Amino acid sequence: MGYLIKGGIVITEKGEIPADVAIDNQRISAVGSDLVDSSERVTLDARGKYVLPGVIDAHTHFALRSRGTITADDFESGTKAAACGGVTTVIDFADQIPGMSLADAAKARIDEAKPYVATDFALHMTITKAPENPDSELRDLLESGVGAVKLFTTYRAAGYLLEKNDFIKVSKAAHRAGLLVTVHAEDNDLVENLESRMKAKGETAPAYHAVSRPGEAEASAIRNTASILGEAGLPVYFVHVSSGPGLEAVREARKKGYTVYAETSPHYLTLTSNLYAQDNAREFIMTPPLRDSCDIDALWNGVLNGEFDVIATDHCAFTRRQKAEGTSCFDTLPGIPGVETLLPLVHHEGVVRRGMRLSEIARMLSYNPAKLFGLYPRKGTITPGADADVVIFDPNLRKTITSDSQHSKAGYTPYEGMTVQGYPTTVLVRGKVVYDNGTFLGAQGSGRFIASKGRLSRG
Ligand SMILES: [Zn+2]
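Start counting the sequence shown at 0; every next residue gets the next number (numbering that gives the first Met the number 0).
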């Protein structure tokens, strides 16, 4: 069975055109004006609506085991929330497993997710310890379908940080094998020194979270990492750039001729650190922390000027109870839910409020993540032959975001009470309707693992 999406405005990275979209056998079979109905196709009326490529959230943490606990959303609730917000592919993370090769750890993560996912998924690999034979291990990792690694410049105490020599060694091997290097950039020494000084002064309440990890720590790590990798001729992708100084460091690196990709996240574009003054401060703790309104303005400038490549959520949900176990800004579980609100928030704050072009939504939420992470042209655009991952989006539908309307198991949303203009009405993953007007229609286990073709596939 197929569908004919009739009468909508098709949005791609190139622009917007009024066109019908035909779907057969899980793929887009035609895009054009006045496509003819056939008895094998069900017609979906998209008059007055946008027809967007399915969103790829390039940064989620479902079923993440960390700091002695596990995140509230597993692959079932996480991808259900994703589908209900127009996200048709999530890129999650595989962690290294001691005594196991990178490829085997990736395969174990694929097997873990597969029975539960309602959307398609891909994986990055977090590397916190240099493998013994990085070149062959990273080649095998790409062979198993993982197209990017994530390295940390911070969290030495938690065991995430890769020391400089290993950082360079792993980055070079990943690059040679055809994987993209992505980095969580915050200056560890700066953050650790600040932490001990703050602890000495008793400044440890959740209210101090933003102070404990300043934008300057992010900027310094971006400058440092970009120049180390840039001088070695390696491109680098910075995850969740959160601050004006961080974006400025990205600009400086690009001026030096380094290839730098930058991602930011909806919470850095909408919420400020004033929230840390509230009693429920813990529910807004993530790293890097929220900043102030100057940073929000700077980041939006970056988005509107095309300086950001990707907007992704870093969805890492914990329940209120898990959050409440934290006694200070240093031990509260960091992370918030966000996958379901990604597209509505970017549309409302970007297009409705700031005049962002619709093609920029398609570029940053679909096309670029597909290109950078080796999923294109199967994913990321609306074109014949691509998977039929499509969002029918009503630009005038107003919806108030509340915890009751969300599908994350966090039990709360950081955007409680916000009214957005524009919301998905129908979402298809490979030609199957997974969401329709407020109702989840997907099926656990129907999503597929999409193997990345790696960095070198980009043309
Ligand atoms: Zn993350």
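Cβ atoms here follow ideal geometry from the backbone N, Cα and C, with glycine treated the same way.
Since the model is a prediction, treat every value here as computed from it, not as a measurement.
Inter-residue spacing [alpha-carbon to alpha-carbon] between residue i and residue j
i, j, result
"L357", "N24", "28 Å"
"T118", "T412", "21 Å"
"D72", "E324", "18 Å"
"D388", "N164", "41 Å"
"A18", "A231", "46 Å"
"V148", "S38", "46 Å"
"A102", "E251", "36 Å"
"N192", "A199", "11 Å"
"T11", "L289", "31 Å"
"V432", "F392", "14 Å"
"I126", "V238", "15 Å"
"W299", "N273", "19 Å"
"A369", "Y260", "14 Å"
"Y267", "V35", "44 Å"
"S65", "T42", "46 Å"
"A409", "E75", "13 Å"
"I8", "N304", "24 Å"
"R377", "P52", "11 Å"
"T425", "A45", "10 Å"
"L270", "V428", "30 Å"
"F317", "S32", "46 Å"
"L137", "L233", "16 Å"
"V390", "K5", "13 Å"
"K13", "G98", "46 Å"
"I96", "I227", "28 Å"
"G430", "V351", "29 Å"
Same chain only: Cβ atoms within 7 Å of residue i, ignoring 5 sequence neighbours per side
i, result
"V345", "P265, I310, I360, L364"
"T312", "D56, H58, T59, S264, P265, G337, V338, L341"
"H347", "V419, Q420, G421"
Cutoff 6 Å; reference residue i; Cβ partners in own chain excluding five residues on either side
i, result
"R447", "D119"
"D294", "S242, G243"
"Y475", "Residue 475 falls outside the range modelled here, since the chain spans only 0 to 458, and no answer is possible."
"L177", "In the sequence under discussion, the amino acid at residue 177 is Gly, which differs from the Leu named in the question. L141, G453, R454, L455, listed in sequence order."
"A21", "L3, S28, A29, L34"
"A450", "G144"
"D435", "T425"
Segment limits, beta strand (DSSP E) that includes residue i
i, result
"I55", "54 to 56"
"P394", "389 to 399"
"G1", "1 to 11"
"P133", "Element bounds for P133: not the beta strand (DSSP E) but the alpha helix (DSSP H), 133 to 142."
"S292", "S292 -> not in any beta strand (DSSP E); alpha helix (DSSP H) instead, spanning 292 to 303."
"F166", "Run containing F166: none in the beta strand (DSSP E); it sits in the alpha helix (DSSP H), 163 to 176."
"T42", "40 to 44"
Neighbourhood of residue i by C-beta, 8 Å cutoff - its chain only, sequence neighbours within 5 removed
i, result
"P205", "Y275, A280, R281, I284, G325, S327, C328, T331"
"V190", "T153, S211, R212, A216"
"T418", "R397, K398, T399, I400"
"A105", "A93, L122, M124, L140, S143, G144, V145"
"I69", "A62, L63"
Residues that residue i bridges to, as DSSP identifies them
i, result
"D91", "L122"
"Q420", "R397"
"F439", "Y434"
"G459", "Since the first residue shown for the chain is 0 and the last is 458, residue 459 is missing from the structure and cannot be characterised."
"G245", "Beta-bridge pairing links G245 to no other residue."
"A261", "F237"
Start-to-end residues for the alpha helix (DSSP H) that takes in residue i
i, result
"D313", "Where D313 is concerned, there is no enclosing alpha helix (DSSP H), given that its DSSP letter is neither H nor E."
"P265", "265 to 269"
"E339", "That residue, E339, is in no alpha helix (DSSP H); it is neither H nor E in DSSP."
"V190", "187 to 200"
"F237", "That residue, F237, is in no alpha helix (DSSP H); its beta strand (DSSP E) goes 235 to 237."
- Item | Meets three-Cβ-pair contact criterion under 8 Å: the stretch 184 to 197 and the stretch 212 to 223 | Taking one beta carbon from each stretch, the stretch 184 to 197 and the stretch 212 to 223 have 3 or more pairs nearer than 8 Å; the two touch.
- Is it a yes or a no for the stretch 100 to 112 touching the stretch 333 to 348, going by three-plus beta-carbon pairs under 8 Å? The stretch 100 to 112 and the stretch 333 to 348 do not touch, with fewer than 3 CB-CB distances between them shorter than 8 Å.
- Inspect the CB distances between the stretch 403 to 412 and the stretch 79 to 90 and report whether three or more fall short of 8 Å. Yes: the two stretches touch, three or more of their Cβ pairs being nearer than 8 Å.
- Contact between the stretch 121 to 139 and the stretch 433 to 445: three or more CB pairs below 8 Å? Segments in contact, no.
- Query: With a cut-off of 8 Å, do at least 3 Cβ pairs link the stretch 201 to 215 to the stretch 136 to 145?
  - Reply: Not touching, per the Cβ criterion.
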